[in-house]
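Participant:
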Amino acid sequence: MAETRLTEVFRDPSGFVFTRDGQLYRQVNKRYQADYDLLHSSGLYAEVTERSLMIPHTEVKVAPADPELAYKVLQPERIPYISYAYEWSFSQLKDAALLTLSLQKRALKYGMWLKDANNSNIQFHNGRPVLMDTLSFEIYPEGQPWTAYRQFCQHFLAPLALMAHVDVRLNQLLRNWLDGVDLSLASRLLPWHTRLNSGLLLHIHAHAGAQRRYAGAAQPQAGGGKPGLTKTALLGLIDHLRSTVQGLKWKPAGSAWGNYYAETNYSNAAERHKAELVEQYLKKITVKTVWDLGANNGLYSRIASRQGIFTVSQDYDPAAVEQNYLQAKANKEQNLLPLQIDLVNPSPASGWAYGERHTLAERGTPDALMALALVHHLAIGNNLALGRIAEFFAGLAPWLIIEFVPKSDSQTRRLLAARKDIFDEYTLDGFRHAFGQRYHIEAEASIAESERTLFLLKRK
Amino acid sequence: MKKEELSKWLLAGVLFIPAASDPQYLDPGSGSLILQLIIAGAAAVSYAFRHSIGRLFKVFRRNKDEDATDPDNEE
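So, in structure tokens, the structure goes:
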């Protein structure tokens, strides 16, 4: 019986997640019993799951992983692919922040609240953010200030403010600091004019100052006096956080990639033919999951997702991922997950014992990869040997739909414009030879009105 | 009032906070708790105002500038 305890949520003594024989379970510990019972009896669970704001679960009769502590074992609905905040675009992080505040406000109506506000508690499922951690709700201790206020500001507000007011790439700070961006750092990095915004003034700048000022102060002890923060004041705080988050905006601009499809060298006929070939290849192979690498704004990812294939649409460019997400959100697309991934420096395993965040492949690999108009960026733009690229791709998925872009193509010529051409192996024959070491060629076709070739490859 | 005195009063206020049902596993940070107490009055007034007077204008506002995909607007 293969059993693994997952460590993403190991800090919360209320329970933990474990896998057994490929199934995912959540053990609820006895110390969380009263909270768990209220979550269900109050109607909060029904409300947040019916509105798809939280992942639903079923109580199951399987042996707990730690019987001495156990109250119940739950089987949550499985999320097809786990992603992290540093892989989200601006609007994805913003929507995750708004969901967290919405859940906090709804919980208060039922006598509960969120005891934590960690961005890793939120996942994208069926095209929208959802709370993944059932154990985040606890009985509301009337009068107590929100214990997760600092965490919310570090995990959501500070990175969003930095992305909106300094540089959208600062979401990558979350890759290094899993517990969010320290508020003193955020306060130092934000431009002075953000102090004129009442939300940022209070929740970032003054908050950082208060932390500095009371850093050595004794931790508050429980007592039985008058309420410290009334429920109305708490709701006011949540409303203020919400309007602050709502006020943060970022529009993709100035990206070399944001308008790629408008600037591409494709004719309409070439684009249509390429799309037809991708569709044909996908129909030829029966797959459930696809990763579209270098997906830009997801134009070709949608050929897969429209066929009911769950598609992770990855690109390194924040503007492209933002456009992709906004389109998916507007069209309520359920099978598409846009993520910001830099393929030449992909998300690493990190956190305690490398177990709190996982690599791309550790979170699950797809049935097929799509690498369209990508190989020249890897081989020429990043000096990666074709054999290395083939080896990496073959390690991820049994099927590969890949486009070869020759040196004569204007997009490749642009990459070579300011440098010496040292890429002797980068030819169609060189490509066939390098990828032939790892794959069988199942199909191959020239894309009309272009010099490009589209391959369907099957791993040996 | 001197800064030291103010912080003493504020900390005293924090000490009257009722107990949570389970000891917190998250360190809320003293500064974060104190800041909430400082802004509590304004937050309460703002909330009461928005949800009494503001409710009158809700119908007009929703159609104009609220984000339809904000989960709070799906009630």
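So the sequence lines, in the order shown, correspond to chains W and S. Under our numbering, the first residue of the first sequence carries the number 1, and numbering increases by one thereafter. Under our numbering, the first residue of the second sequence carries the number 1001, and numbering increases by one thereafter. Even glycine gets a Cβ: it sits at the ideal position worked out from N, Cα and C. The structure displayed is predicted, hence computed values, not measured ones.
Since S/I1053 meets chain W, which of its residues come closer than 9 Å, beta carbon to beta carbon?
Facilitator: Going along chain W, no residue has its Cβ under 9 Å from S/I1053, so there is no contact; the nearest lies around 14 Å.
Participant: Can you tell me whether W/V60 is buried or exposed? The criterion is at least 16 other CB atoms within 10 Å of its CB, across all chains shown.
Facilitator: Exposed: under 16 other Cβ atoms inside 10 Å.
Participant: Cutting at 6 Å between CB atoms, please list the residues of its own chain near W/I82, excluding the five before and the five after it.
Facilitator: Counting only Cβ-Cβ distances below 6 Å, and skipping sequence neighbours, we find R363.
Participant: Go through its chain and collect everything with a Cβ distance to W/G430's Cβ below 7 Å, but skip five positions before and after it.
Facilitator: L386.
Participant: Flag this pair as yes or no: are the beta carbons of W/A330 and W/S313 separated by less than 8 Å?
Facilitator: For W/A330 and W/S313, no; Cβs fall outside 8 Å.
Participant: Taking the straight line between their C-alpha atoms, what separation do you get for W/A161 and W/I422?
Facilitator: Taking the straight line from one Cα to the other gives about 43 Å.
Participant: Taking 8 Å as the CB-CB cut-off, is W/W250 touching chain S?
Facilitator: Chain S, which has no Cβ nearer than 8 Å to the Cβ of W/W250, makes this no.
Participant: Between W/T289 and W/G308, what straight-line distance do the alpha-carbon atoms span, to the nearest angstrom?
Facilitator: Whole-angstrom Cα-Cα distance: 9 Å.
Participant: Can you have a look at S/Q1036 and say buried or exposed, based on whether 16 or more other CB atoms are within 10 angstroms of its CB?
Facilitator: Its Cβ being crowded by 16 or more others within 10 Å, S/Q1036 is buried.
Participant: So what does DSSP say about S/G1029, is it helix, strand or coil?
Facilitator: Coil at S/G1029, not helix or strand.
Participant: Opposite W/K72 in the DSSP bridges: which residues?
Facilitator: According to DSSP, which records beta bridges pairwise, W/K72 is partnered with W/V28.
Participant: Evaluate W/W257 with the Cβ neighbour count: other Cβ atoms within 10 Å of its Cβ, from every protein chain shown; 16 or more gives buried, anything less gives exposed.
Facilitator: At W/W257, the pLDDT of 46 sits below 50, so the modelled position is not reliable; the number obtained from the coordinates is stated separately. When all chains shown are included, W/W257 counts as buried.
Participant: In chain order, what residues of the same chain have a beta carbon less than 8 Å from the beta carbon of W/V375, not counting five sequence neighbours either side?
Facilitator: Cβ within range, chain order: L386, I389, I402, E403, F404, V405, F431.
Participant: On the DSSP bridge assignment, give the partners of W/R357 in chain order.
Facilitator: DSSP lists W/S350 as partners of W/R357.
Participant: Select from S/Y1025, S/A1040, S/G1031 the residue whose C-alpha is nearest the C-alpha of W/Y214.
Facilitator: Here the closest residue by C-alpha is S/G1031.
Participant: Whose Cβ in chain S lies nearer than 9 Å to the Cβ of W/R11?
Facilitator: Under the 9 Å cutoff, chain S gives Y1025, L1026.
Participant: Could you give the C-beta distance for W/G199 and W/S136, rounded to a whole number, given that I count them as a contact under 8 Å?
Facilitator: Rounded, the Cβ-Cβ distance is 23 Å, inconsistent with contact.
Participant: Within 8 Å (strictly less), CB to CB, does W/R5 reach chain S?
Facilitator: With 8 Å as the cut-off, W/R5 does not count as an interface residue toward chain S.
Participant: If you run the structure through DSSP and keep just helix, strand and coil, what is W/K458?
Facilitator: Correct three-state label for W/K458: strand.
Participant: In chain order, what residues of the region 112–146 of chain W put their CB closer than 7 Å to some CB of chain S?
Facilitator: For the region 112–146 of chain W, which is checked against every Cβ of chain S, the residues closer than 7 Å are K115, D116, E138, I139, P141, E142, G143, Q144, P145, W146.
Participant: With distances taken Cα to Cα, identify the nearest neighbour of W/A117 among W/K407, W/L93, W/N297.
Facilitator: Here the closest residue by C-alpha is W/L93.
Participant: Could you check whether W/T311 and W/D342 sit closer than 8 Å to each other, using their CB atoms as the reference points?
Facilitator: Their beta carbons are not under 8 Å apart, which means W/D342 does not touch W/T311 by this criterion.
Participant: Measuring only between beta-carbons, confirm whether W/R213 sits less than 8 Å from chain S.
Facilitator: Yes - at least one Cβ of chain S is within 8 Å of the one on W/R213.
Participant: Alpha carbon to alpha carbon, how far is W/E449 from W/S267?
Facilitator: Rounded to the nearest angstrom, the two C-alpha atoms are 7 Å apart.
Participant: Taking the beta carbon of W/N297 as the centre, do at least 16 other beta carbons fall within 10 Å, making it buried, or is it exposed?
Facilitator: Result: buried.
Participant: If you draw a straight line from the C-alpha of W/L369 to the C-alpha of W/A65, how long is it?
Facilitator: Each residue's Cα considered, the two are about 35 Å apart.
Participant: Between W/A164, W/G111, W/G351, W/L39, which lies nearest to W/Y140 when the distance is taken from Cα to Cα?
Facilitator: Ranking W/A164, W/G111, W/G351, W/L39 by Cα distance to W/Y140 puts W/G111 first.
Participant: In the structure shown, what three-state DSSP assignment does W/Y381 receive?
Facilitator: Residue identity differs from the one stated: residue 381 of chain W is Gly in this sequence, not Tyr. Helix.
Participant: Does any C-beta atom of chain S lie closer than 8 Å to the C-beta of W/T232?
Facilitator: Chain S, which has a Cβ nearer than 8 Å to the Cβ of W/T232, makes this yes.
Participant: Ordered along the chain, which non-local residues of its own chain (more than five positions away) have a Cβ less than 7 Å from that of W/L178?
Facilitator: The residues are S350, G351, E356, R357.
Participant: Please determine if the region 149–167 of chain W and the region 38–52 of chain W are in contact, where contact requires at least 3 C-beta pairs separated by less than 8 Å.
Facilitator: In short, these stretches do not touch, since the Cβ pair count stays below three.
Participant: Counting only runs that start and end within the region 289–373 of chain W, where is the beta strand (DSSP E) found for 3 or more residues in a row?
Facilitator: Complete beta strand (DSSP E) runs here, min 3: 289–293, 310–315, 336–340, 368–371.
Participant: Mind listing the chain S neighbours of W/A206? Cutoff is C-beta to C-beta under 7 Å, in chain order.
Facilitator: Within chain S, the residues near W/A206 are L1035.
Participant: Give me whichever residues DSSP pairs with W/G111 in a beta bridge.
Facilitator: According to DSSP, which records beta bridges pairwise, W/G111 is partnered with nothing at all.
Participant: Pick helix, strand or coil for W/W177, following the three-state DSSP scheme.
Facilitator: Three-state result, W/W177: coil.
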